[in-house]
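For the sequence shown, my numbering begins at 5 and goes up steadily by one.
By construction, the Cβ of each residue, glycine as well, lies at the ideal position given by its N, Cα and C atoms.
Notes follow once the structure below has been shown.
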Amino acid sequence: MKKQKLLAMFFIVNMLSVPVAFAAEHHSGHKMAGGGSGESASTCLKPHVSKFTPAHLAKVAPGSEFSFVAFNISNPEHITATVKKVPVELVAEFKDPFYVVKGKLPAFLKNTAARINVKVSGKTSHCELENGWLVNITE
């Protein structure tokens with residue numbers, strides 16, 4: 005009789021813990037056993053920009069060219085740049101697996117420090133990036 009009660013309690017406890025374990029695994033973002041991929045359509049690789057030219061705090065002339073490389077970008081049209089909050093036209097060239105992105109500083113900016121601010125828009129806020137660097141514009 006005791007053995008049957010213990011067996012019944014063991015069965016009930018195990019049945020109650022399975023949904024909890026499944027929920028914890030499902031919400032953790034890890035792949036689930038039994039087939040689910042654990043990924044959704046909104047999953048993305050975070051964009052990355054680097055190799056800023058000219059270097060941070062470099063002295064440059066008005067209208068000088070700047071460039072950087074962008075990784076994990078599906079569409080270069082999602083990349084925007086501003087210099088002292090002035091939008092700058094960009095040209096992107098694909099060099100597998102990244103883009104080389106180039107632009108020019110506004111010619112009217114003289115004798116000032118300016119931040120080149122790069123923003124990459126994505127489907128969700130997890131897929132967005134904002135980064136930049138400072139240059140000293142002379143003349």
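**OP:** State whether the region 73 to 86 contacts the region 97 to 108, with contact taken as three or more CB pairs (one from each stretch) at a distance under 8 angstroms.
**Re:** Remark: three or more beta-carbon pairs, one from each stretch, lie closer than 8 angstroms, so the region 73 to 86 and the region 97 to 108 are flagged as touching.
**OP:** Could you name the residues of the same chain whose beta carbon sits closer than 6 angstroms to that of Leu-133, not counting the 5 residues immediately before and after it, in chain order?
**Re:** Counting only Cβ-Cβ distances below 6 angstroms, and skipping sequence neighbours, we find Pro-51 and Val-124.
Original post:
Can you list, in chain order, the residues of its chain whose CB lies under 8 angstroms from that of Asn-115, leaving out five sequence neighbours each side?
Top reply: The beta carbon of Asn-115 sits closer than 8 angstroms to the beta carbons of Ile-141, Thr-142 and Glu-143 from its chain, once the five residues preceding and following it are set aside; these are given in chain order.
**OP:** For Arg-119, collect the residues of the same chain with a Cβ closer than 6 angstroms to its Cβ; drop the 5 residues on either side in sequence, then sort them by chain order.
**Re:** Once the five neighbours on either side are set aside, the close Cβ partners of Arg-119 are Gly-136 and Leu-138.
Original post:
Count the other CB atoms within 10 Å of the CB of Val-105; is the residue buried (16 or more) or exposed (fewer)?
Top reply: Val-105 comes out buried.
Original post:
Under 8 angstroms, do Pro-144 and Val-90 count as touching if we go by C-beta distance?
Top reply: The chain is shown from 5 up to 143; residue 144 falls before or after that span and cannot be answered.
Original post:
By the 10 Å Cβ neighbour count, where 16 or more other Cβ atoms means buried, how is Phe-112 classified, buried or exposed?
Top reply: Answer is exposed; the Cβ neighbour count stays below 16.
Subject >> Residue of Val-53, Lys-7, Lys-63 and Lys-55 minimising C-alpha distance to Ala-117 >> reply: Ranking the options by Cα distance to Ala-117, first place goes to Lys-63.
Original post:
By Cβ distance below 7 angstroms, which residues in the same chain neighbour Lys-55 in space, the five residues on each side in sequence not counted?
Top reply: Correct list, in chain order: Phe-72 and Val-73.
**OP:** Go ahead and label Val-122 buried or exposed: buried means 16 or more other beta carbons lie within 10 angstroms of its beta carbon, across all protein chains shown.
**Re:** Classification of Val-122: buried, given that the 10 Å Cβ count is 16 or more.
Subject >> Alpha carbon of Thr-84 to alpha carbon of Cys-131, nearest angstrom >> reply: Cα to Cα, Thr-84 sits roughly 15 angstroms from Cys-131.
**OP:** Using only alpha-carbon positions, find the residue among Val-87, Val-95 and Ser-68 that is nearest to Glu-81.
**Re:** For the residues Val-87, Val-95 and Ser-68, the minimum Cα distance to Glu-81 belongs to Val-95.
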